[in-house]
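The block underneath contains the structure these notes are about, expressed in structure tokens.
Numbering (full-length UniProt numbering), first residue to last: 1 to 299.
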């Protein structure tokens, strides 16, 4: 199956969510939450991420995670990841209980496409203090894609991880997982990057982006928002509407996409220093806000 067919299939089977100009969404991807070991890229940014997530929860945003939230290539089980970042999952649980949590699986957490796996490992967790099982993400469903559809304009935003355009990481993800666990994870401590990852292989990244852009051109310039490559993308109106929210494992920062007031923005959260030497987490606007209707195809 070609990358175009895989993207089309994901779009056809996507979960639909209605929204309007009062709706608010924050899109993050590629958190790669690990077990807090030397190979856990998320650990360096977990305080930034938690602060940002808490901000969006308090401001009434829905949270959309566009894949690779949990690092299940390097780690065998979700339990070790949960124990390392329990505060994050308890906050995500609050989104879930209010029906404001929308999850997409990527290649590094592709096991979540199996509902039985999700129900077994993510529905509850064991709390040793109480010696009881407690509810976590009971009833949650992970999707390959989500379509946000505007109730007034009928404009659609197609959200997916983006690895559909990456034949190795989609079709042979089990082989990729095997190589990461056995070979690349131990070598990561020496600074040797996994050459199969488009986030670390610029030539593969460019090829992948071209495939997605070609698919967008074949599908009426549908606004498409992905992750996977870790490279933020924010097109101008009139360009091919191919967006990328970046990742949560940039050096000392995370990037994401906000949708609010019928507008879209690319944002960055990082640690900044005040004049008196105090460290604080701040939000920076990188691109936008741009009206979503500006990306609608002219008839």
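Don't be surprised by glycine CBs; every beta carbon is placed ideally from N, CA and C.
Residue 279 is classed as exposed because its beta carbon has fewer than 16 other beta carbons within 10 Å across all chains shown. In the structure shown, residue 79 adopts helical secondary structure according to DSSP, grouped into three states. Rounded to whole angstroms, the Cβ separation of residue 295 and residue 232 is 17 Å, and the two are not in contact under 8 Å. In the three-state reduction of the DSSP assignment, residue 218 falls in the helix class, which pools H, G and I. The C-alpha of residue 220 lies about 33 Å from the C-alpha of residue 95. Secondary structure of residue 211 (DSSP, three-state): helix. Look at residue 131 here: in three-state DSSP terms it is coil, with no helix or strand label.
Distance between residue 136 and residue 93, taken at the CA atoms: about 6 Å. Per the coordinates, the alpha-carbon of residue 110 lies some 45 Å from the alpha-carbon of residue 276. Out of 80, 69, 105, the CA that lies nearest to the CA of residue 10 is found in 105. In this structure, residue 24 and residue 62 form a Cβ contact; the two beta carbons are roughly 7 Å apart against a cut-off of 8 Å. In terms of Cβ geometry, residue 271 and residue 48 form a close pair [threshold 8 Å].
Of the residues 13, 19, 30, the one whose Cα lies closest to the Cα of residue 250 is 30. Counted as a single uninterrupted DSSP element, the stretch harbouring residue 12 is not any beta strand (DSSP E) but the alpha helix (DSSP H) occupying residues 3-12. Counting of Cβ neighbours within 10 angstroms places residue 164 among the buried residues, the total reaching 16 or more. Shown here, residue 164 sits in a helix according to DSSP, grouped into three states. About 5 Å separates the beta carbons of residue 33 and residue 81, which is inside the 8 Å limit, making them a contact pair. Annotation for residue 283: the continuous beta strand (DSSP E) segment containing it runs 279-291.
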